[in-house]
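Participant:
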Amino acid sequence: NRKVINYFKFLKEKNIDGVLNLTPSYNKLIITFDLDKTSFHKLKDLLITIKIDQSNNSDGKKLEVPICCDEEFSLDIKRLEKKFKLDSQKILQRIFEKEYFCYMTGFIAGMPFFGDLDIDMRCDRLETPRLKVPKGSIGITEQFANIYTEESPGGWNIIGKTPLEVFDRNNQENPALINPGDVIQFKLITKKDFDNYK
14 NRKVINYFKF
24 LKEKNIDGVL
34 NLTPSYNKLI
44 ITFDLDKTSF
54 HKLKDLLITI
64 KIDQSNNSDG
74 KKLEVPICCD
84 EEFSLDIKRL
94 EKKFKLDSQK
104 ILQRIFEKEY
114 FCYMTGFIAG
124 MPFFGDLDID
134 MRCDRLETPR
144 LKVPKGSIGI
154 TEQFANIYTE
164 ESPGGWNIIG
174 KTPLEVFDRN
184 NQENPALINP
194 GDVIQFKLIT
204 KKDFDNYK
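Numbered continuously in our numbering, the sequence shown closes out at residue 211.
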């Protein structure tokens, strides 16, 4: 994925004539282009010739993401306690003790997908997805974590909620707080801190 992110950043900086949009995903980069200005073969030739730094270094920003895990927000913690045979405090400690890389955004506008959860902290999706997951909810499944940027259906295990505005539709230039290549760390906050968050 870091190779995808590096190509994405390189092409974005180059501002190539005819390239309309770049969309990085977990293991692919989707390039939308204008056939009147360029062609598949021209872009392919360019991608073959450019040298991209393929190191694991990310020049993305580092962010701390506050999360409240009070019972009203951690909808699936009891189920995870049974699965992992650990109490909620230990589960959250394990999840919060490391940094996570943002691989991509999508599904709903600006929704960031992070990895990688430790192998023994991975879980399956819910058998029956919820029709409504509240905006700001943090979900985990398999090796990934995410943040729901708006109320949406979803089948991930919800462990808490952030007061951050992760995606702002009114900000035309930079609507997403978290972008592919960024690194985040979750920080536990109290319900009082959540309610008072500005």
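Glycine included, C-beta positions come from ideal geometry on N, C-alpha and C.
Model, not experiment: these values are computed from the prediction.
Can you name the start and end residues of the alpha helix (DSSP H) that Leu93 belongs to?
Facilitator: Counting along the chain, the alpha helix (DSSP H) containing Leu93 begins and ends at 90-97.
Participant: If you follow the beta strand (DSSP E) that Gln198 is part of, which residue opens it and which one closes it?
Facilitator: Per DSSP, Gln198 belongs to the beta strand (DSSP E) from 196-202.
Participant: Cα-Cα, which of Lys204, Tyr210, Asn209, Asp208 is closest to Glu84?
Facilitator: For Glu84, the nearest C-alpha among the options comes from Lys204.
Participant: How about Tyr20: is its Cβ closer than 8 angstroms to a heavy atom in the ligand FMN?
Facilitator: Among the components modelled here there is no ligand, and therefore nothing to report on the ligand FMN.
Participant: May I ask you to report which of helix, strand or coil DSSP gives Phe207?
Facilitator: Helix, per DSSP.
Participant: Could you name the residues of the same chain whose beta carbon sits closer than 6 angstroms to that of Pro125, not counting the 5 residues immediately before and after it, in chain order?
Facilitator: Cβ neighbours of Pro125 beyond the five flanking positions: Cys115, Thr118, Ile160, Ile191.
Participant: Are the segment 121-135 and the segment 172-180 touching, with three or more C-beta to C-beta distances below 8 angstroms?
Facilitator: Yes, they touch.
Participant: Return helix, strand or coil for Phe127, following the three-state DSSP convention.
Facilitator: DSSP places Phe127 in strand when its eight states are reduced to three.
Participant: Taking only three categories from DSSP, how would you classify Thr118?
Facilitator: In the structure shown, Thr118 sits in a strand (DSSP, three-state: E or B).
Participant: Hey, Cys82 and Leu105: beta-carbon distance below 9 angstroms or not?
Facilitator: Closer than 9 angstroms, so yes.
Participant: Assuming Trp169 and Gly149 make a contact with CB atoms under 8 angstroms, what is their CB distance in whole Å?
Facilitator: In fact, because the Cβ distance is near 13 angstroms, the residues do not count as touching under 8 angstroms.
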